[in-house]
Amino acid sequence: MSRIVVIGAGMAGHATALGLKHRLGADHEVIVVSPGAQWINPDSLPHIATGLQSPEHETVALGSLYRHKGIIYHQGLARTVYPRGYRDDPRPQVEITFTGSPLARETARVPYDFLVVATGHDIDRVAGIPSEGTTIATCVIDRLDSAVAGESELRRLISELQDSPPGDKPRVIAVGRSARGMGGYYGALEYALAVDGVLRSEGLRSRVQLHFFDAGRPWLYLTSANPEMEEATREAVERLMERFGILLHRGKRLTSINGTRLRYVSAQGDDAPEEIACDLLAIEASRVLTPLAVKSPAGEDLSAELYDGWGRFRVDATREDRAGGESISGLPQTFRNPTFPKIFGIGSAIALDAKAVGETDSRQEVPEPSQTRDMAHLMSREVTAQIVSELTEEPRSDTPENLAEMENVLSLEWDYSLFSLRGFYAEIGLTKSKEPKQTLIVHQGLFAYWSVRIERFLERYRAKGHPLWWLLPS
Ligand SMILES: Cc1cc2nc3c(=O)[nH]c(=O)nc-3n(C[C@H](O)[C@H](O)[C@H](O)COP(=O)(O)OP(=O)(O)OC[C@H]3O[C@@H](n4cnc5c(N)ncnc54)[C@H](O)[C@@H]3O)c2cc1C
Numbered sequence: 170m171s172r173i174v175v176i177g178a179g180m181a182g183h184a185t186a187l188g189l190k191h192r193l194g195a196d197h198e199v200i201v202v203s204p205g206a207q208w209i210n211p212d213s214l215p216h217i218a219t220g221l222q223s224p225e226h227e228t229v230a231l232g233s234l235y236r237h238k239g240i241i242y243h244q245g246l247a248r249t250v251y252p253r254g255y256r257d258d259p260r261p262q263v264e265i266t267f268t269g270s271p272l273a274r275e276t277a278r279v280p281y282d283f284l285v286v287a288t289g290h291d292i293d294r295v296a297g298i299p300s301e302g303t304t305i306a307t308c309v310i311d312r313l314d315s316a317v318a319g320e321s322e323l324r325r326l327i328s329e330l331q332d333s334p335p336g337d338k339p340r341v342i343a344v345g346r347s348a349r350g351m352g353g354y355y356g357a358l359e360y361a362l363a364v365d366g367v368l369r370s371e372g373l374r375s376r377v378q379l380h381f382f383d384a385g386r387p388w389l390y391l392t393s394a395n396p397e398m399e400e401a402t403r404e405a406v407e408r409l410m411e412r413f414g415i416l417l418h419r420g421k422r423l424t425s426i427n428g429t430r431l432r433y434v435s436a437q438g439d440d441a442p443e444e445i446a447c448d449l450l451a452i453e454a455s456r457v458l459t460p461l462a463v464k465s466p467a468g469e470d471l472s473a474e475l476y477d478g479w480g481r482f483r484v485d486a487t488r489e490d491r492a493g494g495e496s497i498s499g500l501p502q503t504f505r506n507p508t509f510p511k512i513f514g515i516g517s518a519i520a521l522d523a524k525a526v527g528e529t530d531s532r533q534e535v536p537e538p539s540q541t542r543d544m545a546h547l548m549s550r551e552v553t554a555q556i557v558s559e560l561t562e563e564p565r566s567d568t569p570e571n572l573a574e575m576e577n578v579l580s581l582e583w584d585y586s587l588f589s590l591r592g593f594y595a596e597i598g599l600t601k602s603k604e605p606k607q608t609l610i611v612h613q614g615l616f617a618y619w620s621v622r623i624e625r626f627l628e629r630y631r632a633k634g635h636p637l638w639w640l641l642p643s
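Following the working numbering, the residues of the sequence shown are numbered contiguously, the last one being 643.
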């Protein structure tokens with residue numbers, strides 16, 4: 170019997186654990202290590218934070234589900250990988266600290282035959298902006314606990330308004346980011362639109378100012394530099410905000426909060442800080458990666474074998490250096506670590522290209538963690554198929570799925586479309602001129618609303634491992 174340890178039960182890890190158990194049955198052991206007791210589709214968070222969706226409906230309890238499926242679940246944080254064994258025990262293993270059981274804070278080492286690293290971006294450093302002195306409650310849209318707390322703050326503010334005379338001073342809600350992060354600001358934008366909807370339905374919209382801080386970047390992250398396109402998307406999103414009466418602080422990022430005083434500066438950092446007083450602040454976190462420690466049996470640092478200089482997990486992204494200094498990147502295909510082929514990496518934690526620190530990028534020095542929700546199932550299916558084929562020694566019957574091919578087929582680049590439960594649908598399209606140019610087209614209506622409802626239903630159906638979940642396409 171072999172043992173596969175999956176670190177992280179988010180979009181990518183959870184799907185992999187379910188897939189492996191489904192394919193391998195009782196012949197092999199699947200262990201999941203993850204600190205949270207629940208699975209959630211991150212897209213629901215802005216709606217939970219505004220009370221439009223209930224956390225009970227949107228989450229899946231991992232403990233009971235894994236018990237039912239025969240997956241072993243260690244609620245805890247992985248700390249250190251020992252890919253060559255620990256001291257005189259030569260078995261590769263991972264050291265974990267339990268977080269949520271009578272074992273909380275205890276440490277254990279779990280040997281593995283295969284390891285799947287699906288840790289996403291850092292959960293603890295997704296903590297919002299620094300606070301000084303007393304601080305108003307902050308809602309970090311990306312975290313379930315904080316989204317739930319933010320919802321009661323919003324309710325409190327609404328009750329306060331209902332109990333105060335109509336001529337009372339307007340309340341201020343600020344939404345934004347403190348720094349650039351993963352591409353786009355979907356969570357923040359969706360939150361602002363959702364707050365707008367909630368206030369309108371309560372008849373209070375005119376009594377609240379909604380401020381939006383865009384941290385100096387357009388909504389879309391384009392995989393190739395295209396200033397015209399960036400400008401077009403920026404304009405389209407700005408028009409959208411104008412339509413909803415959201416006050417945009419273009420090119421501004423949040424720096425700190427002190428009591429009700431919110432401070433912000435230009436994203437370029439070249440001006441003096443400005444301040445506004447606000448009653449509620451909701452932020453979409455800037456996402457950072459924190460690699461796991463990687464050690465030799467004697468405790469020497471082996472991190473460079475598993476992680477690149479930016480803390481991205483190394484998989485098999487390729488590069489081809491061409492004459493003239495140009496280098497062409499190829500997307501990963503097997504998701505195996507080049508040094509330790511029994512260790513796979515999937516999801517936002519991985520390097521989707523083979524760039525190295527020191528190489529300049531035309532747009533940024535530090536690559537952002539990738540948004541991989543839309544690719545999570547594809548990655549997990551691919552890794553599952555490889556592990557199953559190796560363990561059963563049966564050749565694969567399916568053709569390996571490949572991110573690059575998939576992109577071409579769907580003509581989909583990540584973030585190229587956005588469906589909002591608030592009833593709009595944005596996509597990249599072409600202008601109807603003689604020389605068509607790419608632009609962002611925003612449609613409004615029921616199509617977007619129902620697409621989101623159906624997509625959410627399917628994600629939950631899959632995450633609950635209901636009968637036939639595995640037949641759903643990647
Ligand atoms: C509001 C919002 C909207 C978004 N919209 C999109 C979108 O439209 N498209 C898109 O592609 N992406 C989107 N994203 C980003 C999306 O959340 C990520 O791309 C996706 O979740 C990545 O999946 P993952 O499995 O790699 O990481 P996650 O889903 O973040 O899962 C990581 C898991 O690892 C666990 N973990 C972390 N560290 C450890 C450790 N040391 N030990 C054990 N477990 C650990 C975490 O607790 C978590 O369970 C959005 C995010 C938010 C918040």
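We put the beta carbon where it would ideally sit given N, CA and C, even for glycine.
With respect to the C-alpha of residue 499, the residue from 482, 345 and 524 having the closest C-alpha is 524.
Take the alpha-carbon of residue 195 and the one of residue 239: they are about 8 angstroms apart. Per DSSP, residue 381 is one residue of the beta strand (DSSP E) stretching across 377-382. Under a 10 Å Cβ-count criterion, residue 333 is classified as exposed, with fewer than 16 other Cβ atoms of the shown protein chains found around its own Cβ. Inter-segment contact for the region 534-548 and the region 262-281 is absent: fewer than three beta-carbon pairs are separated by less than 8 angstroms. Look at residue 563 here: in three-state DSSP terms it is coil, with no helix or strand label. As computed with DSSP, residue 285 is found in a beta bridge with 175 and 513.
The beta carbon of residue 557 sits closer than 6 angstroms to those of 192, all from its chain and outside the five residues before and after it, given in chain order.
Distance check between residue 522 and each of 551, 427, 476 and 454 places 476 closest, using alpha-carbon atoms only. Secondary structure at residue 191: helix, using DSSP grouped into helix, strand and coil.
Counting along the chain, residue 235 sits inside the alpha helix (DSSP H) bounded by residues 231-238. Contiguous beta strand (DSSP E) elements confined to the region 474-520 occur at 487-490, 496-499 and 512-514, taking only those with 3 or more residues. DSSP places residue 643 outside both helix and strand once states are collapsed to three, so it counts as coil. Annotation for residue 185: 175, 285, 287, 515, 549, 552 and 553 place their beta carbon closer than 7 angstroms to its own, counting only its chain and skipping 5 residues before and after. The shortest CA-to-CA distance from residue 460 to any of 248, 178 and 204 is the one to 248.
At a threshold of 7 angstroms, residue 280 does not count as near ligand 1, since its beta carbon sits no closer than that to any of the ligand's heavy atoms.
245 is the residue among 188, 245 and 218 whose C-alpha sits nearest the C-alpha of residue 279. In this structure, residue 589 places its C-beta atom within 8 angstroms of the C-beta atom of residue 362. Secondary structure note for residue 207: its beta strand (DSSP E) is the uninterrupted segment 207-209.
Between residue 501 and residue 526, the beta carbon gap of about 19 angstroms keeps them out of contact (Cβ cut-off 8 angstroms).
For residue 360 against residue 344, the beta-carbon gap comes to about 6 angstroms, under 8 angstroms, which counts as contact. Along the length of the region 400-426, whole beta strand (DSSP E) runs at least 3 residues long occupy 416-418, reported in chain order. It is roughly 26 angstroms from the alpha-carbon of residue 259 to the alpha-carbon of residue 503. With fewer than three CB-CB distances shorter than 8 angstroms, the region 464-472 does not count as touching the region 438-454.
In the DSSP assignment, residue 309 falls within the beta strand (DSSP E) that extends over 307-309. Sequence-distant Cβ neighbours of residue 538 in its own chain, meaning closer than 6 angstroms and more than five residues away, are 290, 351, 456, 458 and 517. For residue 345, the enclosing beta strand (DSSP E) stretches over residues 340-345. Non-local beta-carbon contacts of residue 414 in its own chain, meaning distances under 8 angstroms to residues more than five positions away in sequence, involve 365, 374 and 379 in chain order.
In the structure shown, residue 465 falls within a coil segment according to DSSP collapsed to helix, strand and coil. Counted as a single uninterrupted DSSP element, the stretch harbouring residue 246 is not any alpha helix (DSSP H) but the beta strand (DSSP E) occupying residues 241-251. The DSSP-derived three-state label of residue 201 is strand. Distance check between residue 555 and each of 189, 442, 179 and 178 places 189 closest, using alpha-carbon atoms only. In the assembly as shown, residue 262 is a buried residue. Its beta-carbon has 16 or more other beta-carbons within 10 Å. Assignment of residue 428 by DSSP, reduced to helix, strand and coil, places it in the strand class. Around the C-beta of residue 493, fewer than 16 other C-beta atoms lie within 10 Å, and the residue is accordingly described as exposed. For residue 444, the uninterrupted beta strand (DSSP E) run begins and ends at 443-446, by DSSP.
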